[in-house]
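Residues 0 to 167 in numbering that gives the first Met the number 0 are what the sequence shown spells out, letter by letter. Ideal placement from N, C-alpha and C gives every residue a C-beta, glycine not left out.
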Amino acid sequence: MRRFIPLLSSCVFILLIALASVFSPFPLFIYNTTDSLPHGIYLVVPREYRYGDLVVFRVPDDVRTLVRERQWLPDDGFLMKRVAALPGDRVSTAGGHFVIEESDYGLVLDTDSMGRPMPGFDFCGILEEGVVVALAGSGNSFDSRYYGPLPVDAIIGVAFPLVLGDCF
0 MRRFIPLLSS CVFILLIALA SVFSPFPLFI YNTTDSLPHG IYLVVPREYR
50 YGDLVVFRVP DDVRTLVRER QWLPDDGFLM KRVAALPGDR VSTAGGHFVI
100 EESDYGLVLD TDSMGRPMPG FDFCGILEEG VVVALAGSGN SFDSRYYGPL
150 PVDAIIGVAF PLVLGDCF
């Protein structure tokens with residue numbers, strides 16, 4: 000009987016997580032397949048975010064068609080990027096470089112890896128309340144360089160890696 004209790008407990012735990020995922024208004028787990036962040040399963044927690052946190056959000060409306068046409072994500076997919084700038088931070092795309100508070104975060108490319116035109120986000124100023132800038136670790140990631148700041152109400156939660164790697 001003692002050997003049965005851990006098995007039963009594990010099954011109940013998995014069942015509770017599955018039920019919570021089905022009835023939750025936001026995803027609890029996300030599997031990242033994009034190359035801008037490590038592939039794997041991430042837990043999504045609805046909580047306040049800070050600089051550097053990995054936030055989860057739906058593809059912004061103004062670039063949703065582009066993402067669908069280029070098959071970067073499924074229609075119901077989510078993006079995950081790190082918070083790089085908050086209200087009050089100085090942000091610029093002048094000269095084709097994405098700069099936040101005098102730190103250069105790389106080029107704003109005119110085309111993607113297949114030579115197709117990329118949308119542009121043209122801005123030089125201080126971020127207002129209600130928006131954040133989210134970037135990925137790689138310089139060729141589809142992030143705020145191309146769709147601009149995110150409304151804070153678009154952010155679903157903060158992601159934490161659970162299992163990383165290409166073994167799935």
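Membership of Arg81 in the beta strand (DSSP E) is indicated by the continuous run 77-84. The residue from Pro86, Gly39, Asp74, Phe120 with its alpha-carbon nearest to that of Arg144 is Phe120. Restricted to the stretch 112-139, the beta strand (DSSP E) segments that are unbroken, complete and at least 3 residues in length are 123-125, 130-134, listed in chain order. For Leu42, the closest of Gly51, Val82, Tyr30 by C-alpha to C-alpha distance is Tyr30.
The Cβ neighbour count for Val162, taken over all protein chains shown within 10 Å, is under 16; the residue is labelled exposed. In this structure, the straight-line span from the alpha carbon of His96 to that of Arg46 is close to 31 Å.
Buried is the label assigned to Met79, since at least 16 other Cβ atoms lie within 10 Å of its Cβ. Of the candidates Pro150, Pro148, Val151, Leu134, the residue whose Cα lies closest to the Cα of Arg81 is Leu134. Taking C-alpha positions only, Thr110 is separated from Arg49 by approximately 31 Å. Our two residues, Gly129 and Ala83, have alpha carbons roughly 14 Å apart in a direct line.
Counting of Cβ neighbours within 10 angstroms places Asp74 among the exposed residues, the total staying below 16. In the DSSP assignment, Gly39 forms a beta bridge with Asn31, Leu163. Within the same chain, Cβ atoms closer than 7 Å to the Cβ of Val44 are found at Gly156, Val157, Phe159, the five residues on either side in sequence being excluded.
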